[in-house]
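In the numbering used here, the protein residues as written are 1006 to 1220. Think of the CB as a built atom: it goes at the ideal place given N, C-alpha and C, for glycine as much as any other residue. Down below is the structure, laid out as structure tokens.
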Ligand code: AP5
């Protein structure tokens, strides 16, 4: 099962991908997580990516494709991929098609999480992430642990540097201008595209995802 989880910043892609990966032994490939890890480690790639991420702009396609190719080609054991935050441009989508063809693992579905801008801004402003294990919480839904420590590992909860209001606005604009046009690309392909209402509880969205993916 190879799936793209598609949607604007804050739609819940990472949250839903993590649950699916854990439940079904699928590999979650999040380009945002890969980039943040490179930034954390201070690698040259991370240094290059950081200024784009902090400005809410897309990291250049060549950088992203190098990262993804390494992960996809190196994965021989998982039961499939859940792509979270990739592809984001037509060039990335075309490169993905070629990569999957080369390794003989076709795309089974694109699932779009639909959420309005006002909700997205609220969610992103309230997001807190564990600095150690990457677990994601939200102060607005009451699920963030009291005391600011991660429930899973005790790590410190931090706010992502790109979750600040001006950067959130820019990320939403970049999504509309550069990423949303991909829906047309997949609409023309033979891959099924399912659009789900992402403005429901995490459990309701997950149940709907399982339904459309026949899991
Ligand atoms: P990336 O990390 O991919 O960020 P994004 O796409 O902006 O998505 P987010 O991680 O912000 O949101 P999400 O949809 O995963 O939501 P989440 O589940 O966390 O990219 C960051 C940057 O890296 C980009 O701006 C770019 O610079 C660069 N980049 C990454 N990939 C790239 C690529 N392919 N090409 C070029 N550049 C790239 O949920 C958000 C919050 O809401 C959480 O607090 C969560 O707890 C809460 N929440 C989730 N679901 C619900 C729900 N149903 N109800 C209530 N709250 C919910």
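The closest heavy atom of ligand 1 lies 6 Å or more from the beta carbon of residue 1086.
Under the rule that a run must span 4 or more residues, the alpha helix (DSSP H) segments found entirely inside the stretch 1117-1146 read 1122-1131.
In summary, residue 1220 is exposed, with fewer than 16 beta-carbon neighbours lying within 10 Å of its beta-carbon over all protein chains present. Per the Cβ contact rule, the stretch 1166-1175 is not in contact with the stretch 1143-1158 (fewer than 3 Cβ pairs under 8 Å). Residue 1120 holds the alpha-carbon nearest to the alpha-carbon of residue 1180 among 1120, 1105, 1158, 1085. Taking residue 1101 as reference, the option from 1116, 1041, 1071 with the minimal CA-CA separation is 1071. Linking residue 1058 to residue 1064 through their CA atoms gives a straight-line distance of about 7 Å.
Relative to ligand 1, even the nearest heavy atom lies 6 Å or more away from the CB of residue 1033.
DSSP places residue 1213 inside the alpha helix (DSSP H), whose first and last residues are 1207-1217. Residue burial annotation: residue 1174 is exposed, with fewer than 16 other C-beta atoms found within 10 angstroms of its C-beta. In this model, residue 1026 and residue 1084 are separated by some 10 Å (Cα to Cα). CA-CA distance, residue 1079 to residue 1032, rounds to 12 Å. Here residue 1008 carries a strand assignment [DSSP, helix/strand/coil]. In chain order, 1083, 1084 place their CB closer than 7 Å to the CB of residue 1030, counting only its own chain and leaving out the 5 sequence neighbours on each side.
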